[in-house]
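Numbering (this note's numbering), first residue to last: 1342 to 1725.
Glycine included, C-beta positions come from ideal geometry on N, C-alpha and C.
These figures come from a predicted structure and were not determined experimentally.
Take a look at the structure set out below.
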Ligand code: SF4
């Protein structure tokens, strides 16, 4: 049973200097052509899935995610047509989570009404920072004022979940300025009961990132490693104090309001995916669509990459993704799935990390401690 679907909408009002996604500015005139390509891809792929798995009558989608790009930028009817096509083949569950990603300045009252009419019940807003100088430094095209306005509109619309995305490790950012952005986030969460989710990702730049032309690699403007760790500590402390649960390295939510869609990725579940550069995981194969927009629109069923996920990779992913979740790895489920006891195979590593206070075991689970989370990458690397 496949319960999750991702739809990529690649249009943006501006290409941010740090962005490595399939996201394109100034191509909005291609929206209609793109919509047709996605609808064709959906039709063909879903018919093929039905042929392979039999009738999808019993299948229910538990999450649908419009990611991008800026899906909030396109006419809501475009999203409506895609949802309709999906529903014509696979029914959503009664309580399906439908997320739309957007920039704050793409949000309008009219769109909020239409999104909710379409069943969208989760709005994920890329604020990144509440400080104008940081937004400018990272090459965003919105301001602090627009961030507040977009968030207010979304929260006041009464949509079930508003999710706020921040970033840290930005050029010109300090621990104090990041704390200021976090304070804005918690103030909002105090004022609006539907601000239920906060993500904060550390800045990660591709080798040829345009941001390097303004802030070359190693420039003083980037926070040094120890500051980066301090930012992470302030992040966890501030959001936990405000009543958010830290459920994944970079994600926090009010109790029970985790992102169902992202949890599916982290639990290694199957998911459908449509649109340029979209990645799917089905029948033990991870594949992605063409990354070039033109190529995708000419050939929406073509693959840019295909990777058969063998048992060794599945096992590595289960360890990596499981340890990123604060609840950690369920050791007996892991043994049942992969055929060996993780704590026996990695006995020395686990003992060493537990002794250093970076890892712990309780109630049949292995997990990183709060001290271990900021260094999760190096702890996880020791398992490979
Ligand atoms: S708005 Fe998001 S997807 Fe678009 S260019 Fe900026 S970071 Fe990339």
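Residue 1612 sits in a strand when the DSSP states are folded into three classes. Following the DSSP letters along the chain, one finds residue 1417 in no beta strand (DSSP E) but inside the alpha helix (DSSP H) bounded by residues 1417-1430. The three-state secondary structure of residue 1396, taken from DSSP, is coil.
In the three-state scheme derived from DSSP, where H, G and I count as helix and E and B as strand, residue 1704 is classed as coil.
Around the beta carbon of residue 1698, a 10 Å sphere encloses fewer than 16 other beta carbons of the protein chains shown; the residue is thus reported as exposed. Taking residue 1641 as the centre and dropping the five residues before and after it, the same chain places the C-beta of 1378, 1381, 1382 closer than 6 Å to its C-beta, in chain order. Residue 1660 sits close to residue 1724, with the two beta carbons spaced by under 8 Å. Proximity of the beta carbon of residue 1406 to the ligand SF4 is not indicated: no heavy atom of the ligand is located closer than 7 Å.
The ligand SF4 has a heavy atom closer than 7 Å to the beta-carbon of residue 1364. Distances between the C-beta of residue 1413 and the heavy atoms of the ligand SF4 are all 7 Å or more. For residue 1573, the enclosing alpha helix (DSSP H) has its first and last residue at 1566-1582.
Around the C-beta of residue 1652, fewer than 16 other C-beta atoms lie within 10 Å, and the residue is accordingly described as exposed.
In the DSSP annotation of this structure, residue 1646 is not part of any alpha helix (DSSP H); the continuous beta strand (DSSP E) holding it starts and ends at 1644-1649.
Less than 8 Å separates the beta-carbon of residue 1523 from that of residue 1575. Listed in chain order, the non-local C-beta contacts of residue 1591 below 7 Å within the same chain comprise 1540, 1541, 1542, local neighbours out to five positions each way being set aside. Bounds of the alpha helix (DSSP H) holding residue 1453 are 1450-1458.
One Cα belongs to residue 1356, the other to residue 1365, and the distance between them is close to 6 Å. Inclusion of residue 1629 and residue 1646 in the CB contact set at 8 Å is warranted, their separation being smaller than that value. In the DSSP assignment, residue 1440 forms a beta bridge with 1406, 1463. A heavy atom of the ligand SF4 is found nearer than 7 Å to the CB of residue 1356. For residue 1444, the CB falls within less than 7 Å of some heavy atom of the ligand SF4. Closest in C-alpha terms to residue 1402, from the list 1612, 1375, 1509, comes 1612. Per DSSP, the continuous beta strand (DSSP E) segment holding residue 1629 begins and ends at 1626-1630.
At least one heavy atom of the ligand SF4 falls within 7 Å of the beta-carbon of residue 1360.
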